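Numbered per the working numbering, the sequence shown spans residues 1 to 160. In what follows, a single structure is set out as structure tokens and then discussed.
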Amino acid sequence: MPEELLIHPDPLRDFRVESLTFLGRTKDVYVLGEGPAVIVMSEIPGIYQLVADFARRLCAEGFTVWMPHMFGEAGRVPSKGYALASMAKACISKEFYAFSANQSSPIVDWLRSLARHAHEQSGGKGVGAIGMCFTGNFAFNLMLEPSVLAPVLSQPSLPL
Numbered sequence: 001m002p003e004e005l006l007i008h009p010d011p012l013r014d015f016r017v018e019s020l021t022f023l024g025r026t027k028d029v030y031v032l033g034e035g036p037a038v039i040v041m042s043e044i045p046g047i048y049q050l051v052a053d054f055a056r057r058l059c060a061e062g063f064t065v066w067m068p069h070m071f072g073e074a075g076r077v078p079s080k081g082y083a084l085a086s087m088a089k090a091c092i093s094k095e096f097y098a099f100s101a102n103q104s105s106p107i108v109d110w111l112r113s114l115a116r117h118a119h120e121q122s123g124g125k126g127v128g129a130i131g132m133c134f135t136g137n138f139a140f141n142l143m144l145e146p147s148v149l150a151p152v153l154s155q156p157s158l159p160l
């Protein structure tokens, strides 16, 4: 396999980590860049090298990325076992209503607060929100937040 396709541990040293509390819940958020805010919600198993590299590309295009740590260990190399463990934990977590009908997950309310905060801090006309796979529909739900102007659903799954 070519070296550029190999996934390595990523210490995320170029990101600043902010511990943010909204609605009584505290999460680490990895922040990088200058310009209008884009919230990047990682897929399961969490923030790993390819997700971080995607965030870095957004920064290179003139955005400030706000990447909440929602699953797993930030920077860890993914594996099937690790992904399955992260998925199982998310599915039973009280923050994520993976299999509930007619209600959004509590994490969505937290993400709306993050969107408001990111907009206040980064400025611009509004916030972009990118959800990947499991978090794809979180971006859809963030459309209810007035500061979110551009939700992107990247391979969304499950009616969250």
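Glycine included, each C-beta is placed from N, C-alpha and C at the ideal position. Because the structure is a prediction, the values reported are computed rather than measured.
Worksheet item: Taking Cβ to Cβ, would you say Pro9 is nearer than 9 Å to Val65?
Response: no
Discussion item. Taking the straight line between their C-alpha atoms, what separation do you get for Arg57 and Val51?
Written reply: 10 Å
Worksheet item: Would you say Val135 and Met70 are within 9 Å of each other, going by their C-beta atoms?
Response: The sequence as given places Thr at residue 135; Val does not occur at that position. Yes; because the gap between Cβ atoms is below 9 Å, this pair is in contact.
Worksheet item: Out of curiosity, what's the CA-to-CA distance linking Met41 and Glu18?
Response: 15 Å
Worksheet item: Less than 9 Å separating the beta-carbons of Gly128 and Pro151?
Response: yes
Practice prompt. Just grab the DSSP bridge partners of Asn147 for me.
Written response: Just to set this straight, residue 147 is Ser in the shown sequence, not Asn. Answer is none; Ser147 lacks a bridge partner.
Item to complete: Can you say whether Pro68 is buried or exposed, counting buried as having 16 or more other CB atoms within 10 angstroms of its CB?
Response: buried
Worksheet item: Is it buried or exposed for Glu43, if we count other Cβ within 10 angstroms and need 16 for buried?
Response: buried
Discussion item. I need the straight-line Cα distance from Gly81 to Ser147, nearest angstrom please.
Written reply: 37 Å
Discussion item. Run through the DSSP bridge pairs and tell me what Leu20 is partnered with.
Written reply: Lys27
Item to complete: Verify whether the separation of the beta carbon atoms of Arg116 and Glu73 is less than 9 Å.
Response: no
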